[in-house]
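So the structure is just underneath, and the comments pick up after that.
Protein chains: 2
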Amino acid sequence: MSEIEIFKVLSDPTRRAILERLSAGEATATDLREGFAITQPAMSQHLAVLRGAGLVSERREGRYAHYRVDPEGFAPLHAWLARYRAFWPSRIDNLKDLLREMDQ
Amino acid sequence: MSEIEIFKVLSDPTRRAILERLSAGEATATDLREGFAITQPAMSQHLAVLRGAGLVSERREGRYAHYRVDPEGFAPLHAWLARYRAFWPSRIDNLKDLLREMDQ
DNA sequence: GTTACACATAAGCACATACTTATGAGTCGT
DNA sequence: ACGACTCATAAGTATGTGCTTATGTGTAAC
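Which chain is which? The protein sequence lines are A and L, in order.
Residues 1 to 104 (UniProt numbering) are what the first sequence spells out, left to right.
Residues 1 to 104 (UniProt numbering) are what the second sequence spells out, left to right.
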């Protein structure tokens, strides 16, 4: 999936909220509906879009569809952002701190 | 500017192309129109959106408006992406390499 | 087999958004 | 002062997008 589409996919607040929910762990489509005031088809459509963008992967188990974040899908976004981080001196230290934390 | 709006702003391919053009250096609104098949008001509107998102800053000089990338504006996007980089082990090393290069 | 369930797809609708042309506001050159 | 210019704003329009209800497909329980 190219960076061309990923921004459009992420521009929807509901889809970002779904990703945030999935960042806490795998969940089924009905699990995800909790806390969202949307119908089942709406959730299904959002998940299809996220899946199409490669941001989410699906694991089928009987009649349940388990969704989880696919970290690889964020690569285009990361690559795009890196272009502008090149002249981003004031934030580099924060980024270093972040990496230092992750090493521990 | 919150992350809530930044994705919507970046979801437009023309605006991303404008940013890419500006990453090569400052430019006026008319300079930017070269290579884009859009009218002057369309460009002006895009620049207003980018400015509103804090991704671009404006320097007024007579009747010319010089635009440049504002690196600070990318902070919300970076912060958002960091959440998903947390479980993104395969890419961390690349990021470290990037920082190492920038130190030199 | 039949019913209930989990999810996907189809069709239609309401709103958002990016475009256009027309015009306004301010600046420079003569 | 006037005309040419750079850019911003207004108003209208066409397309895109996210939602709904209705229906289809497949699975589990009885």
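All C-beta atoms, glycine included, are put in the ideal place defined by N, C-alpha and C.
- Straight through space, the alpha carbons of Glu61/A and Leu50/L are spaced by roughly 44 Å.
- Against chain L, the CB of Ser11/A has a partner CB under 8 Å away; the residue lies at that interface.
- The residue from Val56/L, Glu26/L, Ala17/L and Ala53/L with its alpha-carbon nearest to that of Ile38/L is Ala17/L.
- Here Glu72/L is not near Gly52/L, since their CB atoms are 8 Å or more apart.
- The three-state secondary structure of Ser57/A, taken from DSSP, is strand.
- For Thr28/L, DSSP records a beta bridge to His66/L.
- Assigned with DSSP and collapsed to three states, Ile38/L falls in coil, not helix or strand.
- Beta-carbon to beta-carbon, Tyr67/L and Glu34/L are separated by about 14 Å, too far to satisfy the 8 Å threshold.
- Thr30/A and Arg15/A have their C-alpha atoms some 15 Å from each other.
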